[in-house]
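Here is the structure we will look at, set down as structure tokens.
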Amino acid sequence: MLLIATLFALLLERLLGQLDWWGRPVLLHSTVRGARGLLRWPWLWASPAIVPVLLLPPIALVASIEQQIESPFVALGFSALVLLLCLGPRDLADDISELLRARAAGDVDTARHLARALQRGPKPDPSHRSLIGAMFIQSHERLFGVLIWFFVFGPLGAVAYRTASRLPRMLHADGESQAADFADTLHGLMAWIPARVTALLFGLAGSLDDALRAWSQLEFDPLSGDVAGWRRKTWAVLAEAASGGLETDGEDGGGPAMPPNFDAMLHEVVSLQNRALLILLAFFAFFATGAWVSGF
Numbered sequence: 000m001l002l003i004a005t006l007f008a009l010l011l012e013r014l015l016g017q018l019d020w021w022g023r024p025v026l027l028h029s030t031v032r033g034a035r036g037l038l039r040w041p042w043l044w045a046s047p048a049i050v051p052v053l054l055l056p057p058i059a060l061v062a063s064i065e066q067q068i069e070s071p072f073v074a075l076g077f078s079a080l081v082l083l084l085c086l087g088p089r090d091l092a093d094d095i096s097e098l099l100r101a102r103a104a105g106d107v108d109t110a111r112h113l114a115r116a117l118q119r120g121p122k123p124d125p126s127h128r129s130l131i132g133a134m135f136i137q138s139h140e141r142l143f144g145v146l147i148w149f150f151v152f153g154p155l156g157a158v159a160y161r162t163a164s165r166l167p168r169m170l171h172a173d174g175e176s177q178a179a180d181f182a183d184t185l186h187g188l189m190a191w192i193p194a195r196v197t198a199l200l201f202g203l204a205g206s207l208d209d210a211l212r213a214w215s216q217l218e219f220d221p222l223s224g225d226v227a228g229w230r231r232k233t234w235a236v237l238a239e240a241a242s243g244g245l246e247t248d249g250e251d252g253g254g255p256a257m258p259p260n261f262d263a264m265l266h267e268v269v270s271l272q273n274r275a276l277l278i279l280l281a282f283f284a285f286f287a288t289g290a291w292v293s294g295f
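Quick note: the sequence shown uses numbering that gives the first Met the number 0, first residue 0, plus one each step.
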């Protein structure tokens, strides 16, 4: 059932992505704005307590609706709808296509703006930051992280990860605080395993040897030496291992080769994401089929 809901949601996302108004994070932003209007205590918004205050209501709402649904077909539609709303807010391939068009047209300002937008969100240590690495992190945050949580915990998992992944940016808008740091920690905990699964998927979709080599090099990185280092290391593993997956065997068989230019590399990022998604869906299908067969 979850696999069918996943396929349906992914198909709808591709179709709706053609609409200009689609892809705006309206629901979560509206919820936070409404909460700010109701909870007018500055100390609360600087306290870690605001994180469960914002996180638990959407989870409770989805759980309550799920309990009221009796028809399996309605449950399927509801699961697909929740997943659809948790993906994105924009498909990474659409943003990369816009960046490629801006570069082809020589629109430097638009290309620079799009590149900065792709680099928003969780970041590894400065020594591991790059635009390509940021795209793989965005791919995880917009797609793979949500899908993994959805497959394990259903709609509740998708809502929980989507909300937890967006809260840090919203709370950091008020400046550094205990609330923002706690949101970062919660996000890091929820992403710790899924991010590594995503890195492995990109390795399987590309050059696994190079991805594992980049991953193993991070094991000797002193990144985890401070309190927040373990969080940055998660994103470093994802950025570096996934970027390593871009390497392919050279035409002369003499070793790994990267795409010939930056535009080709952008195309390869989209291609690698699509192949990694197919691998993930294949795993979903394998486990879903096993669960279905064991039910007899």
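Using N, Cα and C, we set each Cβ at its ideal position, and we do this for glycine too.
Bear in mind the structure is a predicted one, so any value in this text is a computation, not a measurement.
Tell whether a beta-carbon distance below 8 Å holds between residue 240 and residue 214.
Walking along the sequence shown from the start, residue 240 turns up at place 241. Walking along the sequence shown from the start, residue 214 turns up at place 215. Going by C-beta atoms, residue 240 is nearer than 8 Å to residue 214.
Uninterrupted beta strand (DSSP E) stretches inside the stretch 165 to 216 (no shorter than 3 residues):
none
Which stretch, first to last residue, makes up the alpha helix (DSSP H) that contains residue 137?
Here residue 137 refers to the residue found at position 138 of the sequence shown. Residues 130 to 138.
Cβ-Cβ separation, residue 81 to residue 166 (assumed contact under 8 Å), whole Å
Looking up residue 166 in the sequence shown gives position 167. Looking up residue 81 in the sequence shown gives position 82. Rounded, the Cβ-Cβ distance is 18 Å, inconsistent with contact.
Counting along the chain, where does the alpha helix (DSSP H) carrying residue 242 start and finish?
Walking along the sequence shown from the start, residue 242 turns up at place 243. Element bounds for residue 242: 228 to 243.
Applying the 10 Å Cβ sphere with the 16-neighbour rule, what's the burial state of residue 198?
One-based indexing of the sequence shown puts residue 198 at position 199. Buried, because 16 or more other Cβ atoms sit within 10 Å of the Cβ of residue 198.
Near residue 163, what residues of its chain come up, given a Cβ to Cβ distance below 8 Å and the 5 sequence neighbours on each side ignored?
Numbered from 1 along the sequence shown, position 164 holds the residue referred to as residue 163. Cβ within range, chain order: 54, 182, 185, 186 and 189.
Taking residue 90 as the reference, give the member of 107, 132, 117 and 108 with the closest Cα.
On the sequence shown, residue 90 is found 91 positions in, with the first residue counted as 1. Nearest C-alpha to residue 90: 117.
Could you tell me if residue 216 is buried or exposed, where buried requires 16 or more neighbouring beta carbons within 10 angstroms of its beta carbon?
Locating residue 216 in the sequence shown gives position 217, where the first residue counts as 1. Exposed, by the Cβ-count rule.
Who are the Cβ neighbours of residue 243 in its own chain at under 6 Å, not counting the five residues just before and after it?
Position 244 of the sequence shown, counted from the start, is the residue given in the question as residue 243. Here the set comprises 209, 210 and 213.
Please classify residue 36 as buried or exposed, where buried requires at least 16 other C-beta atoms within 10 Å of its C-beta.
Within the sequence shown, the letter at position 37 stands for residue 36. Exposed is the call here.
For residue 265 and residue 112, the rounded distance between their alpha carbons
Here residue 112 is taken as the residue at index 113 of the sequence shown, counted from 1. Here residue 265 is taken as the residue at index 266 of the sequence shown, counted from 1. About 16 Å.
Contact set for residue 74: own chain, Cβ-Cβ below 6 Å, skip 5 residues either direction:
Translated into positions along the sequence shown, residue 74 becomes position 75. Here the set comprises 68.
Where does the unbroken alpha helix (DSSP H) through residue 54 begin, and where does it stop?
The residue given as residue 54 occupies position 55 in the sequence shown. Its alpha helix (DSSP H) spans residues 49 to 67.
For residue 268, is the classification buried or exposed, using 16 other Cβ atoms within 10 angstroms of its Cβ as the cut-off for buried?
Here residue 268 refers to the residue found at position 269 of the sequence shown. Looking at its Cβ environment, which holds 16 or more other Cβ atoms inside 10 Å, residue 268 is buried.
Could you give the distance in angstroms between the alpha-carbon of residue 26 and the alpha-carbon of residue 119?
In the sequence shown, the residue the question calls residue 26 occupies position 27. In the sequence shown, the residue the question calls residue 119 occupies position 120. Rounded to the nearest angstrom, the two C-alpha atoms are 19 Å apart.
To the nearest angstrom, how far is the alpha carbon of residue 16 from that of residue 59?
Translated into positions along the sequence shown, residue 16 becomes position 17. Translated into positions along the sequence shown, residue 59 becomes position 60. Distance between the alpha carbons of residue 16 and residue 59 is about 28 Å.
Do you know how far the Cα of residue 160 is from the Cα of residue 8?
Here the question's residue 8 lines up with position 9 in the sequence shown. Here the question's residue 160 lines up with position 161 in the sequence shown. So the alpha carbons of these two residues sit roughly 17 Å apart.
So the alpha helix (DSSP H) residue 144 belongs to, where does it begin and stop?
In the sequence shown, residue 144 corresponds to position 145, counting from 1. Its alpha helix (DSSP H) spans residues 144 to 152.
Rounded to a whole number of angstroms, what is the C-alpha to C-alpha distance between residue 13 and residue 178?
Here residue 13 refers to the residue found at position 14 when the sequence shown is read from its first residue. Here residue 178 refers to the residue found at position 179 when the sequence shown is read from its first residue. Looking at the two C-alpha atoms, the distance is approximately 35 Å.
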